[in-house]
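Participant: Residue numbers in the sequence shown follow my numbering, run continuously in steps of one, and reach 412 at the last position.
Ideal Cβ placement from N, Cα and C applies to all residues, glycine included.
Fair warning: this is a prediction, and the values are worked out from it, not measured in the lab.
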Amino acid sequence: MPPELNPALPLHPDAAPVRLHSPAFQRDPAGLYAMLRRVHGSVAPVLLDADLPAWLVLGYREVHYVTGNPELFARDSRRWHSWDRVPHDWPLLPFVAHNASVLFTEGAEHRRRAGAISDVLGAVDSFELRFEAERAADAAVDSFAGAGRAELMADYAGQVPLRVLAGLFGLRDDETAELERDTVTVLGDGPEAGMAYARIRGTMELLLERRRHRPGADLPSRLLAHPARLTDEEIVQDLIAIMATGQQPTANWIGNTLRLMLTDDRFAVSLSGGRRSVGQALTEVLWMDTPTQNFIGRWATRDTQLAGRYIRAGDLLVLGLAAANTDPQVCPVAPPGRVSARGTAATGGNQAHLSFSHGEHRCPAPAPEIAEVIATAAIEVLLDRLPDLRLARPVEDLSWRPSVWLRGPAALPVEFTPLI
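#1: Tell me which residues share the same chain as Ile371 and place their Cβ nearer than 7 angstroms to its Cβ, disregarding the 5 neighbours each side in the sequence.
#2: Under a CB-based cut-off of 8 angstroms, is Arg399 close to chain E?
#3: Between the Cα of Gly289 and those of Arg202, Val310, Pro320, spot the shortest distance and give me the residue it belongs to.
#4: Under a Cβ-count criterion, where at least 16 other Cβ atoms within 10 Å of its own Cβ denotes burial, should Gln321 be classed as buried or exposed?
#5: Just confirm the distance between the C-beta atoms of Arg67 and Thr293, as a whole number of angstroms; I'd bet it's less than 8 angstroms.
#6: Return helix, strand or coil for Phe408, following the three-state DSSP convention.
#7: How many angstroms separate the CA atom of Ala314 from the CA atom of Arg206?
#8: What does a CB cutoff of less than 7 angstroms around Phe348 pick up in its chain, not counting 5 residues either side in sequence?
#9: Could you tell me which whole alpha helix (DSSP H) segments of length 4 or greater appear in the segment 96 to 164?
#10: Skipping 5 residues on each side, what residues in its chain have a beta carbon closer than 7 angstroms to that of Ser110?
#11: Give me, in chain order, the residues of the same chain whose beta-carbon lies closer than 7 angstroms to that of Leu252; leave out the 5 immediate sequence neighbours on both sides.
#12: May I ask you to report which of helix, strand or coil DSSP gives Gln272?
#13: Could you tell me which residues DSSP puts in a beta bridge with Phe65?
#14: With a threshold of 6 angstroms on Cβ separation, who are the neighbours of His102 within its own chain once the five nearest residues in sequence on each side are excluded?
#15: Would you report the Cα separation of Met145 and Thr242, rounded to the nearest angstrom?
#16: What would DSSP say about Arg53, mapped onto helix, strand or coil?
#17: I'd like the list of long-range same chain contacts for Val55, defined as Cβ closer than 6 angstroms, with 5 residues on each side in sequence excluded.
#18: Thr175: buried (16+ other C-beta within 10 angstroms of its C-beta) or exposed?
#19: Tell whether a beta-carbon distance below 8 angstroms holds between Ala115 and Val178.
#20: Once DSSP output is grouped into helix, strand and coil, what is the label at Val373?
#21: Within 10 Å of its beta-carbon, does Leu411 have 16 or more other beta-carbons around it, so buried, or fewer, so exposed?
#22: Whole angstroms are fine: how far does the CA of Gln239 sit from the CA of Leu198?
#23: Please work out which residues of its chain come closer than 7 angstroms, Cβ to Cβ, to Ala403, disregarding the five sequence neighbours upstream and downstream, and give them in chain order.
#24: To the nearest angstrom, report how far apart Thr409 and Tyr148 are at their CA atoms.
#25: With DSSP collapsed to three states, give me the class of Gln297.
#26: Taking the alpha-carbon of Ala139 as reference, which of Ser69, Leu24, Leu381 has the nearest alpha-carbon?
#27: Given Ser213, which residues of its chain have a CB within under 8 angstroms of its CB, disregarding the five upstream and five downstream residues?
#28: Taking the alpha carbon of Arg164 as the reference point, which residue from Met196, Met187, Arg141 has its own alpha carbon closest?
#29: Quick check on the DSSP output: the alpha helix (DSSP H) that includes Pro86 runs from which residue to which?
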């Protein structure tokens, strides 16, 4: 339980909020989280685009508490008291504007909707999924194997989950290519995010109509036939949510793991085969470089207090998943440069990270397993086929994509012996 309300505590935004969209964040988000934790504690006042105020929840315990108490920190964004300050072209609108998506439902309605998604994802055959992921990975490698060089984020990490998800959705090739571009644009929260979101919605509407007349063994068809009796609008919005939370985060999970394995001596010995270290590397990335580093958001249903901060009804809270995973009070990972006696980071098989969130709004149970199958297959196929894979530039020249929300390399150029 959080401590009792203290009226003497400063009210946001008078407590020196920090802009998340800043050069300091782009250069070193971990350093910014550490500074915020030192100055503000586990809950820090921040400013989003257009200087709209929010609370960034940095502490593991606090993120766990917020996500575990949906009656106090809820998902319906219509509770936000700052809507009158939101510009019509605000780049974060696709993330916070209330719609019929499962993401904004609560209580019994959320359980109905999330249950349907869990059912249709749970019906995906894991062996068939692994086969399709390996096939997508092989096809991606074939496209650059003879060149002796590649850019793994664009040519590989982004391609494999996209092709697998496109198959699960029953999308055509032309729809898949456009969807990839638009998904990256939306998650990049730039000025074109609104138009890209509209195109994604149009694609899902056409797909749903097609599956209504020609059903198959795909996610849209299964949602149409599900006993929850979802409306067309609900299905369209949920398909968008599944694609948005499945493609780019999985691509970044693959990219971050490859970056780790190509730059950390603890994994270098495994590049001739890779299989012994892939699972460990995937887990370590979820702790140290989680693909979704921040998630927007939760809205307080009443005045309360969290980690010594007075939270007003209608305040917006951003879940600092990356900061929570590296909270010094709980982080199980050895500091950089320090390893355990067995030569590995201290994560081991610890799965208590918050990378998939927590509580009733965490990723539906089958989703993380699907993402892990895709990511594991992608990395293993690449390392098996290109055993001498190596970075084409010094590690200090690698940069991260400029996103407050996602964590992934801007590019991952590599070299290898061409396959003839």
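Facilitator: Working from what's here:
#1: Position 379 of the sequence shown, counted from the first residue, corresponds to residue 371. If we look at Ile371 and ignore the five residues flanking it on each side, its Cβ neighbours are Ile246, Thr249, Leu250, Gly266, Val270.
#2: Here chain E cannot be found, since the structure has a single protein chain.
#3: Your numbering for residue 289 matches position 297 in the sequence shown. Checking every option, the nearest Cα to that of Gly289 belongs to Val310.
#4: Walking along the sequence shown from the start, residue 321 turns up at place 329. Counting Cβ neighbours within 10 Å, Gln321 comes out exposed, since fewer than 16 surround it.
#5: Taking the first residue of the sequence shown as 1, we reach residue 67 at position 75. Taking the first residue of the sequence shown as 1, we reach residue 293 at position 301. Contact flag wrong, Cβ pair sits at about 10 angstroms.
#6: Here residue 408 is taken as the residue at index 416 of the sequence shown, counted from 1. Three-state result, Phe408: coil.
#7: Taking the sequence shown and counting its residues from 1, the one referred to as residue 314 is at position 322. Taking the sequence shown and counting its residues from 1, the one referred to as residue 206 is at position 214. C-alpha separation (whole angstroms): 42 angstroms.
#8: Stepping through the sequence shown from its first residue, residue 348 is reached at position 356. Here the set comprises Arg354, Cys355, Pro360.
#9: 99 to 114, 118 to 134, 151 to 161
#10: Here the question's residue 110 lines up with position 118 in the sequence shown. So the list reads Pro356, Ala357, Pro358, once near-sequence residues are dropped.
#11: Residue numbering aside, residue 252 sits at position 260 when the sequence shown is read from its first letter. Same-chain partners within the cutoff: Phe259, Ala273, Glu276, Val277.
#12: Walking along the sequence shown from the start, residue 272 turns up at place 280. Correct three-state label for Gln272: helix.
#13: The residue given as residue 65 occupies position 73 in the sequence shown. In DSSP, Phe65 forms a bridge with Ala292.
#14: For the purposes of this step, residue 102 is identified with residue 110 of the sequence shown, where counting begins at 1. Excluding positions up to five away in sequence, the list is empty.
#15: Stepping through the sequence shown from its first residue, residue 145 is reached at position 153. Stepping through the sequence shown from its first residue, residue 242 is reached at position 250. C-alpha separation (whole angstroms): 11 angstroms.
#16: Sequence index remark: in the sequence shown, residue 53 carries index 61 (1-based). DSSP places Arg53 in helix when its eight states are reduced to three.
#17: Here the question's residue 55 lines up with position 63 in the sequence shown. Excluding residues within five positions, the ones whose Cβ falls inside 6 angstroms are Val49, Leu311, Ala316, Leu346.
#18: Indexing the sequence shown from 1 puts residue 175 at position 183. With 16 or more other Cβ atoms within 10 Å, it is buried.
#19: Position 123 of the sequence shown, counted from the start, is the residue given in the question as residue 115. Position 186 of the sequence shown, counted from the start, is the residue given in the question as residue 178. No. Outside cutoff.
#20: Taking the sequence shown and counting its residues from 1, the one referred to as residue 373 is at position 381. Val373: helix per DSSP, three-state reduction.
#21: For the purposes of this step, residue 411 is taken as the residue at position 419 of the sequence shown. Looking at its Cβ environment, which holds fewer than 16 other Cβ atoms inside 10 Å, Leu411 is exposed.
#22: What you label residue 198 is simply residue 206 of the sequence shown in a count that begins at 1. What you label residue 239 is simply residue 247 of the sequence shown in a count that begins at 1. Cα to Cα, Leu198 sits roughly 20 angstroms from Gln239.
#23: If you number the sequence shown from 1, residue 403 lands on position 411. Same-chain partners within the cutoff: Glu143, Met145.
#24: Within the sequence shown, residue 409 is the residue found at index 417, counting from 1. Within the sequence shown, residue 148 is the residue found at index 156, counting from 1. One C-alpha to the other measures close to 17 angstroms.
#25: To locate residue 297, count along the sequence shown from 1; it is residue 305. If DSSP states are grouped into helix, strand and coil, Gln297 belongs with the strands.
#26: Your numbering for residue 139 matches position 147 in the sequence shown. Nearest to Ala139 by C-alpha distance, out of Ser69, Leu24, Leu381, is Leu381.
#27: Counting from one through the sequence shown, the residue named residue 213 turns up at place 221. Only Gly162, Arg203, Pro207 meet the Cβ criterion.
#28: Counting from one through the sequence shown, the residue named residue 164 turns up at place 172. Selected option, being the one with the closest Cα: Met196.
#29: Looking up residue 86 in the sequence shown gives position 94. Run containing Pro86: 85 to 88, per the alpha helix (DSSP H) assignment.
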